[in-house]
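Listed in order, the protein sequences are those of chains V and L. For what it's worth, numbering that gives the first Met the number 0 labels the leading residue of the first sequence as 0, then goes sequentially. For what it's worth, numbering that gives the first Met the number 0 labels the leading residue of the second sequence as 0, then goes sequentially. Using N, Cα and C, we set each Cβ at its ideal position, and we do this for glycine too. Remarks on the structure that follows.
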Amino acid sequence: MLPTGVLGVFADAAAVPFVAFPFEPRYVLSIVFVSLYVSVTAVVLSTLASVPLAIAVGFADFRGKRLVTSIINTGMGFPSVVVGLLVLVTLSNSGPLGHLELVFTKKAMIISQFVLATPPITGITLAAVTGVREDVRDAAFALGGTRTDVALTVVKQARYGIATAVLAGFGRAISEVGSVLIVGGNIAGAGGVSKTRTLTTAIRLEARQGRYELALVLGAVLVAVVLAVNAVVVRLGDSKTWTGGGLR
Amino acid sequence: MPIQRRKFLATAGTAAAAGLAGCSSVLGSDSGDTGVAGETLTLTTTTSTYDTGLLDALNRPFQKRYGVTVDAVAQGTGAALETARNGDSDVVMVHARSLEDEFMRQGYGVNRRDLMFNDFVVVGPESDPAGVAGSDSATGAFAAIAESGSTFVSRGDNSGTHTKEKVVWEEAGVEPGGNWYREAGAGMGDVLNQASESRAYTLADRGTFLSMQTRIDLSILVQGPIEGGPELLSNPYGIIAVNPAVHENVNYDLAMAYIGYVTSPEGQEVIDDYTANGQQLFFPRALSEDPDFQQYVPEGWRSEADDS
């Protein structure tokens, strides 16, 4: 998928001030697209599930709350390779959901990243929600707020924490290589367009072949992408018109 | 055996499935996966065919002619066959006859064909502490490496190369182990990098070695049969369709079209013409004067009709 002589181009380019990009732009763009498509979709879905869950757990008072909290926190350290294997075993043609034929597709990658991103998003949101002062809740209630109003007020107060939670989940999703490699297969078409190849698995592929410089170039692209996404999310969190409903 | 395996997978997967219930329906359409034209063939193969760039050259004309997509997943031979056993690929291109035969005997594969060959080479540092350079015996070289306690990096990943390495140790009468023997559990490229970094010996397929030669500090110390070395280091590749009677949703038609193409004069010519750093990496083997029945069946297999 890489033109031969890529290394030569890179070495020549190093001698001149402007470094020529050592990849086909179409190839890298398709990889960036797959990375973002998979991670952003997984994180958005996970946020839609995690934030209500965290608020429910945070507001409720029940026996075993600590246990639930520590299960969520343990999930943050769950190895991505194990998640990948569990998803593979589930989606495999010989597994319970085999008829869906999802192995080596982006959907399978989204599922595994959903599983990976949910514990950090839930855990950090839970901490943020719990950290909102009691009197804020009481005030919202005293001003005649319904349960929903109280919840929205708390979410609004905790929005920086929730934004951090989403970014932590996104960071985990976009930087992991173990599960997407297993369930996605690191596939790029013969035309040089990624199907399930992400930035992380592409870096892995270059490193495996001893092309460390190329791997590092892709690493820089990955950092730039993460930086851009962080900027967007922080911006959303900071926005004055922020009303509590549209955090992505 | 297949039935038990399915049961195990089903049980193991149910827990995970419960956690994901309803998830897939929310995901919506996956625009990138519904290709432009026609169907998709999933091929699991070894890192050597992929990393050398051969597959790319081989698949492009096929995709063009049939208007299909070939999804090539590069794994080791062991993993590639395992993926096929689970019905997650349609065709496998691998290089370990003993593992291929096992796969065939278990009924997962049909219509095996010989595809191409190259050979394995023993590579190591220029300084050659075990003094194996120029040896015409792979077993002798392995014994010398073990004797001198020089570092040897093993794939350790149940790949075709790992399978061959184990055969060579066995024939050399050496039980590898100890500080000098490192199991990397990684692909060929990783192992070559690692051996280069730690001035170690390893067994490599010639194709991957040649394609990486300029980036690593290792040289060929014992040649394979292509350059007059021992036959023990031969490296034949086979291609097998996944049995549609075992996994009914595999794309058998496209798998057979692919096997037909890669073993045709056209596909064999692509293999013959493919070079890296000016050297030929793979040699076609599918076309021969004499029909070779043995390529379709596990080695040594005889039909019952022959017995009577």
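Beta-carbon spacing of residue i, residue j below 8 Å
| i | j | result |
| --- | --- | --- |
| L114/L | G223/L | no |
| L202/L | T160/L | yes |
| D50/L | A73/L | yes |
| L42/L | T76/L | no |
| A172/V | S29/V | no |
| S197/L | E125/L | no |
| R112/L | A285/L | yes |
| A116/V | G160/V | no |
| V128/V | G57/V | yes |
| S34/V | V224/V | yes |
| V296/L | M103/L | yes |
| Y107/L | N250/L | no |
| V216/V | P21/V | yes |
| A189/V | D55/L | yes |
Cutoff 8 Å: residue i Cβ touching any chain V Cβ
| i | result |
| --- | --- |
| Q278/L | no |
| L191/L | yes |
| N248/L | yes |
| I270/L | no |
| A71/L | yes |
| C22/L | Because the pLDDT at C22/L is just 40, under 50, the model does not fix this residue reliably, and the value given afterwards should be weighed accordingly. Chain V contact via Cβ: present. |
| D216/L | no |
| N58/L | yes |
| Y251/L | no |
| Q267/L | no |
| N85/L | yes |
Neighbourhood of residue i by C-beta, 6 Å cutoff - its chain only, sequence neighbours within 5 removed
| i | result |
| --- | --- |
| T121/V | S49, L52, A53 and I71 |
| Y26/V | G191 |
Residue i - DSSP class collapsed to helix/strand/coil
| i | result |
| --- | --- |
| Y236/L | strand |
| G159/L | helix |
| R234/V | helix |
| L202/L | strand |
| F34/V | The question names Phe, but residue 34/V in the sequence shown is Ser. Three-state DSSP puts S34/V in a helix. |
| M92/L | strand |
| P243/L | coil |
| C22/L | Bear in mind that a pLDDT of 40 at C22/L, under 50, signals an unreliable position, so the number given afterwards is only what the model happens to contain. In this structure, C22/L counts as helix in the three-state DSSP scheme. |
| I219/L | strand |
| A118/V | Looking at the sequence provided, one finds Pro at residue 118/V rather than Ala. If DSSP states are grouped into helix, strand and coil, P118/V belongs with the helices. |
| F77/V | coil |
| T104/V | coil |
| R181/L | strand |
| N72/V | helix |
| N110/L | strand |
| N117/L | strand |
| S195/L | helix |
Closest by C-alpha distance to residue i, when choosing among the options
| i | options | result |
| --- | --- | --- |
| G83/V | L204/V, S69/V, V114/V and A157/V | V114/V |
| N178/L | G148/L, R198/L and L191/L | G148/L |
| S111/V | A41/V, V233/V and A164/V | A41/V |
| A256/L | F61/L, T44/L and E146/L | F61/L |
| G218/V | A187/V, F20/V, I202/V and P119/V | I202/V |
| V173/L | E146/L, E182/L, Y107/L and G259/L | E146/L |
| L101/V | L213/V, V182/V and I186/V | V182/V |
| E230/L | T213/L, E268/L and V167/L | V167/L |
| G86/L | S233/L, A56/L, L40/L and D55/L | L40/L |
| V176/V | I109/V, S91/V and T68/V | I109/V |
| S88/L | G76/V, A167/V, T104/V and L213/V | T104/V |
| V131/V | F140/V, A141/V and A157/V | A157/V |
| L85/V | V232/V, V179/V, L213/V and V153/V | V179/V |
| G186/L | P118/V, L204/V and V81/V | L204/V |
| L151/V | A55/V, P24/V and V43/V | A55/V |
| A275/L | T45/L, T213/L, E268/L and A129/L | T213/L |
Nonlocal neighbours in the same chain, by C-beta distance under 7 Å from residue i, ignoring five residues either side
| i | result |
| --- | --- |
| V221/L | V120, V121, V131, S134, A137, A140 and G228 |
| G184/L | G155 and D156 |
| Y180/L | F151 and S153 |
| G206/L | S47, T51, N117, L280 and F281 |
| E298/L | R96 and D100 |
| G34/L | Per-residue confidence for G34/L stands at a pLDDT of 37, beneath the threshold of 50, marking its modelled position as unreliable; the derived number appears in the next sentence. If we look at G34/L and ignore the five residues flanking it on each side, its Cβ neighbours are T68. |
| A187/V | M0, S193, K194 and R196 |
| V220/V | V27, V31 and L198 |
Interface flag, residue i vs chain L, CB-CB below 8 Å
| i | result |
| --- | --- |
| N92/V | yes |
| I30/V | no |
| R146/V | no |
| E23/V | no |
| R250/V | Chain V is shown only over 0 to 247; residue 250/V falls outside these bounds and no answer can be derived. |
| I202/V | no |
| R65/V | no |
Residues near residue i in its chain [Cβ-Cβ closer than 8 Å; skip 5 each side]
| i | result |
| --- | --- |
| L191/L | V122, T201, A203, T207, F208, M211, I215 and L217 |
Contact test: residue i Cβ vs the ligand MG heavy atom, cutoff 7 Å
| i | result |
| --- | --- |
| L98/L | The ligand MG is not part of the structure shown, which contains no ligands of any sort. |
Interface residues of chain B facing residue i [CB-CB closer than 7 Å]
| i | result |
| --- | --- |
| T41/L | The chain labelled as chain B is not found among the protein chains of the depicted structure, namely V and L. |
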